[in-house]
Structures are given as C-alpha cells and as structure tokens.
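The structure appears below as structure tokens.
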Amino acid sequence: MVGRRLRDERGASAVEFAMIVPLLIALVLGIAEFGHAFSVQGTLSAAAREGARAMALQNDQAAARTAVRGAAATLDPDITDAQITITPASCPLLGGIGSSTYVSVTISYPKPYLTGFFGSGLSLSAKGVMRCNG
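Just so we're aligned: 244 in the working numbering is position 100 of the sequence shown, and the numbers increase by one with no gaps anywhere.
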C-alpha cells in the first residue's frame, strides 16, 4: 500500500514547483525593477541639487545643465537639455535685507524598465531648490 502511494505521488513536487516558479520569477523581477527605479530616483535628486547649486552660485544655465548631466552620468539613456527645466532663467542680484530669490532645477526622466514585463517604463522627476547668490 505504501509503495503504491509513493508511485501515485511521483512527479507531484515537479508539478507544484512548475506552478510556483512563475510567481517567484515575477516577484524577483519586481524587486529588481523597484530597486533600479529607487536608484535612478536617488541619482536624479542628486543631479537636480547639483544643477540648482551651480545655477545659484554661477548664474549660468549652461553650467547648471552641465552639472546635472555630470551628476547623472551613470543613467542610460542620458539626460537631455529638454528634460532639464531651470526657473527663473537667471538669478537676480541681491536686493535688500530679507529679500531672497530661489532657483529651482527640475528634471523629468523617462526610465525604461529593465525587463519590459511591466510596460514601457516610468516617468520620474526630481527637483532641486537653492537660494540665489549662495
């Protein structure tokens, strides 16, 4: 009786494993995609801060865009000038006591998924703000 029962259950673990494998693969891919998106968001935030810092100190949009691209050099695809928004266009000279103007650098970045299983990608953005003239 025991031998017959073992013969009847032969292959059952392979079937159970085959049923669970797609869920495990989806879970692992989801974790990898989330981790990569989290890393890209951190890089974008740092790049936006660097761009705002460069604009606030140098009052030069080209320098700010270069700082953004330099801080986000690890991203693929690269950040383009069209994805970087700097407001205001220039930092005004300091006014009187208590007056301050802030510059903000916003980056909009279309992050493609690593695997393609979850769609075409995410639209991430980051913003850095600094007071003009340091």
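Quick reminder that beta carbons are idealized off the backbone N, C-alpha and C, glycines included.
Being a predicted model, the structure only gives us computed values, none of them experimental.
What residue does the beta strand (DSSP E) around R275 start on, and which one ends it?
Translated into the one-based positions of the sequence shown, residue 275 becomes position 131. Taken as a continuous stretch (DSSP letters only), the beta strand (DSSP E) holding R275 covers 265-275.
Would you mind working out which of T229, I223, A162 sits nearest P256, comparing C-alpha positions?
In the sequence shown, counting from the first residue as 1, residue 256 sits at position 112. That would be I223, whose Cα lies nearest to the Cα of P256.
Considering only DSSP beta bridges, list what P256 is partnered with.
On the sequence shown, residue 256 is found 112 positions in, with the first residue counted as 1. Beta-bridge pairing links P256 to G265.
Helix or strand or just coil, what does DSSP make of I169?
Within the sequence shown, numbered from 1, the residue matching residue 169 stands at position 25. Note: I169 maps to helix in three-state DSSP.
Assess contact between the segment 153-163 and the segment 205-218, defined as three or more Cβ pairs (one per stretch) separated by less than 8 angstroms. Is contact present?
no
Okay, do the segment 266-278 and the segment 185-194 touch, 3+ Cβ pairs below 8 angstroms being the bar?
yes
Under three-state DSSP, which class holds I228?
In the sequence shown, counting from the first residue as 1, residue 228 sits at position 84. Three-state result, I228: strand.
Determine contact between the segment 195-208 and the segment 168-178, defined as no fewer than three beta-carbon pairs at a distance below 8 angstroms.
Short answer: they don't touch.
By the three-class DSSP mapping on this structure, what secondary structure does S248 have?
Sequence index remark: in the sequence shown, residue 248 carries index 104 (1-based). Of the three classes helix, strand and coil, the one that applies to S248 here is strand, per DSSP.
Assign G284 to one of three DSSP states: helix, strand, or coil.
This structure cannot settle anything about residue 284, because the visible part of the chain is limited to 145 through 278.
Looking at A198: is its Cβ nearer than 9 angstroms to the Cβ of T250?
For the purposes of this step, residue 198 is identified with residue 54 of the sequence shown, where counting begins at 1. For the purposes of this step, residue 250 is identified with residue 106 of the sequence shown, where counting begins at 1. No, the pair does not count as a contact, with Cβ atoms beyond the cut-off.
In angstroms, rounded to a whole number, what distance separates the CA positions of G260 and P236?
Here the question's residue 260 lines up with position 116 in the sequence shown. Here the question's residue 236 lines up with position 92 in the sequence shown. Between G260 and P236, the alpha-carbon positions lie close to 45 angstroms from each other.
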